[in-house]
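When we follow this note's numbering, the leftmost residue of the sequence shown carries the number 175, and every step to the right adds one.
Just so you know, even glycine gets a beta-carbon here, dropped at the ideal spot from N, CA and C.
This structure is a prediction, so every number in the text was calculated from the model and none was measured.
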Amino acid sequence: MIIGIDLGTTNSLVAVWRDGQPVMIPNALGHMLTPSVVGLDDNGEVLVGLAARERLITHPQLTTSVFKRYMGSDRQTHLGSQSFRPEELSALVLKSLKADAERFLGEPVTEAVITVPAYFSDAQRKATKIAGQLAGLTVERLVNEPTAAALAYGLHQSEPESRFLVFDLGGGTFDISILELFDGVMEVRASAGDNFLGGEDFTELLIDGFVEEVGKHKGLGDKQASPALYQALRKQAEQAKRALTGSDGAAMEVQYQGETLRWDITDADFQKRVEPLLKRLREPIERALRDARLKAIDLDQIVLAGGATRKSVVRKLVAKLFGRMPAMNLNPDEVVARGAAVMAGLKARDVALNEIVMTDVCPYTLGVEVSEQVSPGRFQPGFFLPIIERNSVVPVSREQTVNTVVDNQTALHVNIFQGESRLVKDNIFLGEITIPVPPRPAGQVSVTIRFTYDVNGLLEAEMTVDETGQKHRLVIEENPGVLTQVQIEEKLAALAKLKIHPRELLPNATLLARADRLYQQMLGEERQWVAQEAARFQALLEGQDEAVIEPARAELKAFLDQIEGESWL
């Protein structure tokens with residue numbers, strides 16, 4: 175069985191292609207969204223999802239989130255005495271989604287299509303595949319998030335030919351893709367984006383505003399000084415951000431040193447503060463349109479994906495830039511996962527999907543380091559020579575010819591990079607190879623460098639010494655910061671030893687974590703009420719009688735909802 179997974183920065187989702195349509199799969203709590211949060215409970219067992227997110231405030235040293243932003247790096251996150259790489263944390267989320275899918279489908283799940291931001295680098299894509307492997311999944315395909323969203327919408331297009339732009343603003347990343355649908359072919363024309371721009375940045379902006387307007391006057395200088403206070407601020411900022419979507423104002427309120435700190439923010443003030451973020455949203459749109467050689471008027475439809483597109487400031491920006499309202503007939507939180515399920519159906523060769531063909535593009539420019547002449551007889555290294563330019567349709571093969579720059583040079587050192595900057599120091603190093611060349615006067619030996627990039631993001635470089643015809647090949651399979659096969663085996667063994675909190679007990683753990691969080695946030699009588707109700711529920715859990723536990727769980731949830739409103743996702 176193959177499933178489609180949207181592995182998100184803030185939330186993750188899983189879906190399956192069934193009976194000719196994508197079907198969303200609920201988690202153990204009955205929710206479609208599983209927060210991309212991982213933590214350890216008091217027994218050292220792994221918690222994933224809402225139960226872990228509730229403990230971000232109460233147990234910040236044992237819980238972590240937003241780790242997708244560090245995929246492809248060797249960053250270590252410490253939870254208690256244990257350390258985890260981004261791939262391992264993502265693998266724990268994927269394992270949870272896999273378990274939910276197996277429970278829903280009633281059969282083992284071994285394969286998956288996983289979505290990634292279109293602007294993810296080569297290293298980030300490989301790290302995502304490794305996360306799938308660590309979770310016990312064979313990753314059949316990595317599909318770009320905007321492409322997945324377009325695929326979900328593309329099946330509902332009434333026009334046989336159309337061009338549309340997918341505006342995908344998730345929790346941590348922003349992607350733009352321009353696609354064309356014709357004769358059963360979905361072709362990506364151009365992609366652009368920002369891997370460090372998403373809904374989390376709007377949340378951080380509100381936290382910064384709170385500290386600046388209220389916190390500093392009360393001695394709160396550094397929001398990171400207290401992890402628990404920072405997480406409390408994050409929750410308030412998230413709620414305020416959501417409230418601002420449908421009203422003219424919102425408030426943030428936290429307890430600090432025995433005092434209630436409150437900040438009221440108007441929608442007008444919020445729009446002024448987010449202007450720098452909105453400017454960053456405009457730039458990739460303009461680049462994608464230029465690369466596709468299109469104008470906004472040439473597009474038939476604008477499609478929104480990602481939960482952050484629910485913000486009124488974002489929708490107003492899109493409407494202003496394109497002079498029309500975007501399509502919103504599919505749930506923006508779910509559209510990428512639905513598209514992943516469609517791709518899973520394609521991989522499974524479902525009869526209903528035989529006519530759909532997908533093409534994609536290489537999101538980054540790939541090239542080599544060269545030396546350029548800066549004065550007579552003097553060359554300076556460090557310059558970038560593009561070979562495959564961004565937004566080339568894949569699979570693609572391109573070549574460039576370079577020459578020696580030193581008399582009697584006996585070897586040519588080729589450094590391969592990925593990026594858009596003129597200088598290689600500002601791009602991402604991918605690999606290197608040294609090839610022998612015959613000693614000749616400078617400039618008389620030429621080498622043809624051919625790059626071939628396939629649909630799975632695998633880059634092959636072939637160097638041919640023109641005088642001798644000798645060929646040298648380098649396949650870029652590993653990147654700095656990406657685990658080697660030996661390390662993967664070690665991580666698999668380590669993850670296998672971790673105890674995962676029982677799935678069937680997650681609803682109870684989530685509710686108790688929420689009660690613990692509220693106890694820390696409340697004062698006076700309300701605090702005591704929470705303590706009493708939580709203790710009563712905990713005592714019932716020890717009896718292990720589900721007939722008693724289930725109504726008590728509903729009762730405790732209703733009580734907590736009465737105090738703070740329904741839990742948000």
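**Report entry** Inter-stretch contact at 8 Å, needing at least 3 Cβ pairs: the segment 383–401 / the segment 453–463
**Finding:** In short, these stretches do not touch, since the Cβ pair count stays below three.
Report task. Note down the Cα distance separating E664 from R552, rounded to an integer number of angstroms. Result -> The straight-line gap from Cα to Cα measures roughly 49 Å.
Query - Start and end residues, beta strand (DSSP E) containing A425 - result: For A425, the enclosing beta strand (DSSP E) has its first and last residue at G423 to Y430.
**Report entry** Simplified DSSP assignment, three categories, for T584
**Finding:** DSSP places T584 in coil when its eight states are reduced to three.
Query raised in the report: Taking the beta strand (DSSP E) that N577 falls in, what are its first and last residues?
Result: N577 -> beta strand (DSSP E) spans V570 to N577.
Report task. Buried or exposed for P320, please, with buried defined as at least 16 other CB atoms from any protein chain shown within 10 angstroms of its CB. Result -> Buried is the call here.
Query raised in the report: To the nearest angstrom, how far is it from the Cα of P612 to the Cα of E543?
Result: P612 and E543: Cα-Cα distance of roughly 21 Å.
Query raised in the report: Okay, do the segment 364–382 and the segment 507–527 touch, 3+ Cβ pairs below 8 Å being the bar?
Result: With a cut-off of 8 Å, the segment 507–527 and the segment 364–382 do not count as touching, because too few Cβ pairs lie within range.
Query raised in the report: So does the segment 677–696 actually touch the segment 186–204, counting three or more Cβ pairs closer than 8 Å?
Result: Taking 8 Å as the limit for Cβ pairs, the verdict is that the segment 186–204 does touch the segment 677–696.
Requested in this report: Mark P458 as exposed unless 16 or more other C-beta atoms lie within 10 angstroms of its C-beta, in which case mark it buried.
Outcome: Classification of P458: buried, given that the 10 Å Cβ count is 16 or more.
**Report entry** Proximal residues to H233 (C-beta, below 7 Å), its chain only, five neighbours per side dropped
**Finding:** Cβ within range, chain order: G213.
Query raised in the report: Can you list, in chain order, the stretches of the alpha helix (DSSP H) that have 4 or more residues and sit fully within the segment 455–508?
Result: Fully contained in the segment 455–508 are the following alpha helix (DSSP H) runs of length 4 or more, in chain order: 486–496.
Query raised in the report: Just how far apart, CA to CA, sit E276 and L597?
Result: So the alpha carbons of these two residues sit roughly 48 Å apart.
Query raised in the report: How should Q592 be labelled, buried or exposed, when 16 other C-beta atoms within 10 angstroms of its C-beta is the threshold for buried?
Result: The residue in question, Q592, is buried, as its Cβ has 16 or more Cβ neighbours within 10 Å.
Requested in this report: Identify the continuous alpha helix (DSSP H) that holds R277 and give its terminal residues.
Outcome: Start and end: P260 to L279.
Query - Run of the alpha helix (DSSP H) containing I674, from where it starts to where it stops - result: Looking at the DSSP string, I674 is not in any alpha helix (DSSP H), and its letter there is neither H nor E.
Query - Cα-Cα separation between D628 and V568, rounded to whole angstroms - result: Cα to Cα, D628 sits roughly 6 Å from V568.
Query raised in the report: Taking the alpha-carbon positions, what's the P537 to R572 distance?
Result: When rounded, the distance between both Cα atoms is 15 Å.
Query raised in the report: Can you tell me whether L478 is buried or exposed, with buried defined as 16 or more other CB within 10 angstroms of its CB?
Result: So L478 counts as buried.
Query raised in the report: Between which two residues does the beta strand (DSSP E) containing P196 stretch?
Result: Counting along the chain, the beta strand (DSSP E) containing P196 begins and ends at Q195 to M198.
Query raised in the report: From which residue to which residue does the alpha helix (DSSP H) around A309 run?
Result: From DSSP, A309 is part of no alpha helix (DSSP H); its letter is neither H nor E.
Query raised in the report: Hey, W703 and I650: beta-carbon distance below 9 Å or not?
Result: Contact annotation: W703 and I650 have beta-carbon atoms that are not nearer than 9 Å.
Report task. Mind checking which residues open and close the alpha helix (DSSP H) that includes T321? Result -> From DSSP, the alpha helix (DSSP H) with T321 extends over E319 to G328.
Query raised in the report: If A309 sits next to L268, beta carbons under 8 Å apart, how far is it from one beta carbon to the other, in whole angstroms?
Result: Right, the Cβ-Cβ distance comes to about 4 Å (below 8 Å), so this counts as a contact.
Query raised in the report: What are the boundary residues of the beta strand (DSSP E) that T638 is part of?
Result: Per DSSP, the unbroken beta strand (DSSP E) holding T638 starts and ends at L633 to V639.
Query raised in the report: Apart from the five residues on each side of it in sequence, which residues of its chain come closer than 6 Å, Cβ to Cβ, to K673?
Result: Here the set comprises E219.
**Report entry** Within 9 Å, strictly: CB atoms of A689 and L715
**Finding:** Taking 9 Å as the Cβ cut-off, A689 and L715 do not qualify as a contacting pair.
Query raised in the report: Which class does S332 belong to by DSSP, given the choice of helix, strand or coil?
Result: Annotation note: pLDDT 48 at S332 (below 50); position unreliable, no value reported.
Query raised in the report: Based on Cα-Cα distance, which residue from L380, F241, N589 and S566 lies nearest to T440?
Result: Checking every option, the nearest Cα to that of T440 belongs to L380.
**Report entry** Nearest-angstrom Cα separation, counted from T302 out to H252
**Finding:** Going by the C-alpha atoms only, they are around 20 Å apart.
**Report entry** Cβ-Cβ distance between L353 and L339 below 9 Å
**Finding:** Their beta carbons are under 9 Å apart, which means L353 touches L339 by this criterion.
**Report entry** A189 to A322 span [Cα, whole Å]
**Finding:** Just so you know, the alpha carbons of A189 and A322 end up roughly 12 Å apart.
Query - Any alpha helix (DSSP H) of 4 or more consecutive residues that is wholly inside the segment 188–261 - result: The qualifying runs are 224–232.
Requested in this report: Could you tell me which of L316, L685 and L648 sits nearest to I723, measuring between CA atoms?
Outcome: Of L316, L685 and L648, the residue nearest in Cα terms is L685.
Report task. Counting only the same chain and skipping the five closest in sequence on each side, list residues whose C-beta sits under 6 Å from that of E634. Result -> Cβ within range, chain order: T626 and V649.
Query raised in the report: Any idea which residues DSSP pairs D180 with across the strands?
Result: Its beta-bridge partners are L187 and T289.
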